[in-house]
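Working notes, beginning with the structure itself.
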Amino acid sequence: MNECQKKPIRCEICGICCYDHTVLVTFRDLREIHKYYPEKKLEQIVVLYDASTEYADRSILEQYHPAILVFTLPQVQPGEVEHSLSSHSQDTPASIWKAYLGLRFIKLPDGRTVCPQLDRDSGRCTIHEHKPLVCRTYPHVLDDAGKLARLEKVRCRKPWGNPEDLTFEDYERIRNMVVWAYKAHDQFIQEVIEWNKNPRDKTLADFFRFALQPHPGDEILFPP
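This is the structure we're talking about:
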């Protein structure tokens, strides 16, 4: 298909990617959501996922989200995967626990899980303008050559965004966003390294205070 025959391609807002998923986020994502939706309680937005058991596809995780947080928490019970940040008593004997930071999903009566930020009637995200970068860029990544690529496993009802099918304008717009998202994630890795230097005896309040510290990179404008 030549450039003249291509038409703008957009997400069809089916909402499938908002169900039964593990969405890992960064401190920058948390800061942006908190800035624009201060009424939302942080512990109701995010959750900690056990780094040893949660993510089935380790190759994708290690490639795109290698940042592991270290906490001093009570001993994790076998078989537990999801842990609320607020569910651990500071009076319980502590142990080191490694986790990923992700969006909190809620369980539906049919057993499925869904992001509570999704309006299930319209299929639209209620924090769309400020949703996590991984949500904004899905299902796109960069290949080893720095070119725009699409994840092999796409959950959309009608897969979209094949780079070869995109107009030049769409390709550049999406690639620029993905490049910015990668830079933001590199920033997150450095912030995690800083947190992990001394996690012992830190409270929930300490964690959120650290995560919400302003960072110069947050003010960089993202492409439209």
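In the working numbering, the protein residues as written are -10 to 213. C-beta: ideal position from N, C-alpha, C; glycine also. Remember, predicted model here, so these are calculated numbers, not experimental data.
Check: In whole angstroms, what separates the C-alpha of Ile178 from that of Arg101?; Outcome: 31 Å
Check: Starting from the C-beta of Pro105, find all residues in its chain whose C-beta is less than 6 Å away, skip the five residues before and the five after it, and write them out in chain order.; Outcome: Ile95
Check: DSSP state of Asp154, grouped into three classes?; Outcome: helix
Check: Examine the Cβ distances between the stretch 104 to 122 and the stretch 148 to 157 and report whether three or more of them are shorter than 8 Å.; Outcome: no
Check: Taking Cβ to Cβ, would you say Pro152 is nearer than 7 Å to Val59?; Outcome: no
Check: How many Å lie between Tyr25 and Trp184 at the Cα?; Outcome: 24 Å
Check: For Asn109, which option in Ile5, Ala40, Arg125 has the closest C-alpha, if you only look at C-alpha atoms?; Outcome: The residue you asked about is not Asn; residue 109 is Arg in the sequence shown. It is Ile5 whose Cα lies nearest to the Cα of Arg109.
Check: So the alpha helix (DSSP H) Tyr25 belongs to, where does it begin and stop?; Outcome: 16 to 25
Check: Is it true that the CB of Phe197 sits closer than 7 Å to the CB of Leu31?; Outcome: yes
Check: How is the alpha helix (DSSP H) around Arg198 delimited, first residue to last?; Outcome: 193 to 200
Check: Where does Thr115 land, buried or exposed, given buried means 16+ other C-beta within 10 angstroms?; Outcome: exposed
Check: Of all the options Trp149, Ile34, Val35, Ile57, which has the alpha carbon lying nearest to the alpha carbon of Thr42?; Outcome: Ile57
Check: How big is the Cα-Cα spacing for Asp39 and Leu90?; Outcome: 9 Å
Check: For Glu161, which residues of its own chain have a beta-carbon under 6 Å away from its beta-carbon, when the five flanking residues on both sides are left out?; Outcome: none
Check: With a threshold of 16 other CB atoms inside 10 Å of the CB of Glu141, please say whether the residue is buried or exposed.; Outcome: exposed
Check: To the nearest whole angstrom, what separates the beta carbons of Thr61 and Ile22, a pair I think is in contact under 8 Å?; Outcome: Not a contact, Cβ separation roughly 26 Å.
Check: Please list, in chain order, all residues of the same chain as Lys87 whose beta carbon is under 6 Å from its beta carbon, the five residues on each side excluded.; Outcome: Ala40, Ile57, Val59
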